[in-house]
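Student: In our numbering, the protein residues as written are 29 to 490.
Beta carbons are placed, not taken as given, at the ideal position from N, Cα and C, and that holds for glycine.
Model, not experiment: these values are computed from the prediction.
Submitted below is the structure of interest, expressed as structure tokens.
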Ligand code: ARG
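Here is the structure:
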């Protein structure tokens, strides 16, 4: 494209070096924003007409031309190249081809700086809503799985050492809670995405009698930026979103790590079903947990984008700087990654893993994860807890030396350890009982977990 054809051409005598043109261009990725750009421009055109800055007829022609571009784009007939620089120029240029000179009035009283800010916010609002819906589906699957596994026991760990058995439902509900916070957090981020920068102009506002509240209202924004310099240079909303997205990925990654461990031969707690696992190209016996591994791996990308945007803004003087064009790929990739991971993990939980309940029942019966319950048993009979704790420590040591479990001790052996032990000790240390007894609020007792599932369901419908 020659200098005369460029929108900012008249000040320039020479055409852009082709490599610099490519380097400068964002059309390769910001085309993603095209429908939001059109929607924002339609609102701007309507506002220009309403305030008398352009005529009503011009306003209508601009809006109609913009809608035609939307149509062309949807039909695959609008594919601007790098000479268009960015999506905003591309749309404006095509608009002028369609409606003639009236198209040149569209950019009255605005700048690409407030325009791109509005586009990005419109895009992010939609994406946040969709991610929140996906989180709801993910939570739904967790709840359904929890419902079938209230009385399935699974070893609970601290330091990845067997600690106390828990209800599998309780374990799954922990992820429900994380997802619930993610859902709430995104709702909170939404409030700060939902502010219109339109009308901030390049940086200082405009000399035209615009109506910023009208464009905001047309676009469904809850408010407008109070300060024009802030409005065009603020990317807090994007960083907050990346923070919320990072936490979603951290949660999905933790769950992934567990599924990977559970699917290993060492744990053997789950089997991966064929629809969600893959084989090895050389080892015929293998079934690999690729889905959770990819989710775990992709979390790093999203954390990286968060870091990238923080570094991007930290040294920027007010107001707009071209550096800010770099926010988009980070945002787009984050949105795509989070959405793909949520979808894959939801499918994985729905049909990709089967809990091996027999193996789980064996697992909780073959360790010392009921040791706390022996101490609690004595403490309930008046023995000070620390004393009971020390005594049980000795018992465990003796059992380990003898290759026995606590349940293998005879009543005489128990009584020799402490006279307070009676025949009901066996029941007290049975895994089911150990879990059922932890009925404190937020605990793993079966009754608690059933109530927790109910409350989780009702929180979902809020
Ligand atoms: N493509 C640019 C971006 O994404 C649009 C804003 C350009 N503004 C400017 N003053 N050059 O940030």
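Given a cut-off of 9 Å, decide if residue 260 and residue 348 are closer than it, judged by their beta-carbon atoms.
Tutor: Yes; because the gap between Cβ atoms is below 9 Å, this pair is in contact.
Student: Can at least three beta-carbon pairs, one atom from the segment 186-203 and one from the segment 129-142, be found at a separation below 8 Å?
Tutor: no
Student: With DSSP run on the structure shown, which of helix, strand or coil describes residue 490?
Tutor: coil
Student: Could you say which of 430, 344, 320 and 52 lies nearest to residue 279 if we only look at CA atoms?
Tutor: 320
Student: Write down the C-beta distance between residue 265 and residue 378 rounded to the nearest angstrom, noting that I regard them as a contact closer than 8 Å.
Tutor: Wrong, their Cβ atoms sit about 33 Å apart, outside the cutoff.
Student: Within the continuous alpha helix (DSSP H) that includes residue 407, where are the two ends?
Tutor: Membership of residue 407 in the alpha helix (DSSP H) is indicated by the continuous run 399-408.
Student: What I want to know is whether the C-beta of residue 112 ends up closer than 8 Å to one or more non-hydrogen atoms of ligand 1.
Tutor: no
Student: Taking only runs that begin and end inside the segment 305-380, name each unbroken beta strand (DSSP E) of 3 or more residues, in chain order.
Tutor: none
Student: Count Cβ pairs between the segment 113-128 and the segment 202-218 that sit closer than 8 Å; are there 3 or more?
Tutor: no
Student: If you drop the 5 nearest sequence neighbours on each side, which residues of the same chain put their C-beta closer than 6 Å to that of residue 288?
Tutor: 317 and 320
Student: Would you kindly check if the distance between the Cβ of residue 406 and the Cβ of residue 465 is under 9 Å?
Tutor: Not in contact: residue 465 and residue 406 (Cβ atoms no closer than 9 Å).
Student: Going by C-alpha distance, which of 182, 202, 476 and 201 is nearest residue 194?
Tutor: 182
Student: Using CA atoms only, rank isn't needed, just tell me which of 54, 165, 51 and 144 is closest to residue 369.
Tutor: 165
Student: What's the C-alpha gap between residue 425 and residue 394?
Tutor: 15 Å
Student: Can you list, in chain order, the stretches of the alpha helix (DSSP H) that have 4 or more residues and sit fully within the segment 35-120?
Tutor: 46-52, 55-58, 62-78 and 84-102
Student: Less than 8 Å separating the Cβ of residue 502 from some heavy atom of ligand 1?
Tutor: Not covered by the structure: residue 502. The range shown for the chain is 29 to 490.
Student: Starting from residue 459 and walking both ways along the alpha helix (DSSP H), at which residues does that stretch end?
Tutor: 459-464
Student: Examine ligand 1 and report whether any of its heavy atoms sits within less than 8 Å of the Cβ of residue 140.
Tutor: yes
Student: Nearest to residue 391 by alpha carbon, out of 196, 163 and 471?
Tutor: 196
Student: Is it right to say residue 386 is buried, meaning 16 or more other beta carbons lie within 10 angstroms of its own, or is it exposed?
Tutor: exposed
Student: Mind checking residue 438: buried by the 16 CB within 10 Å criterion, or exposed?
Tutor: Using a 10 angstroms sphere on the CB of residue 438, the tally of other CB atoms stays under 16, which defines it as exposed.
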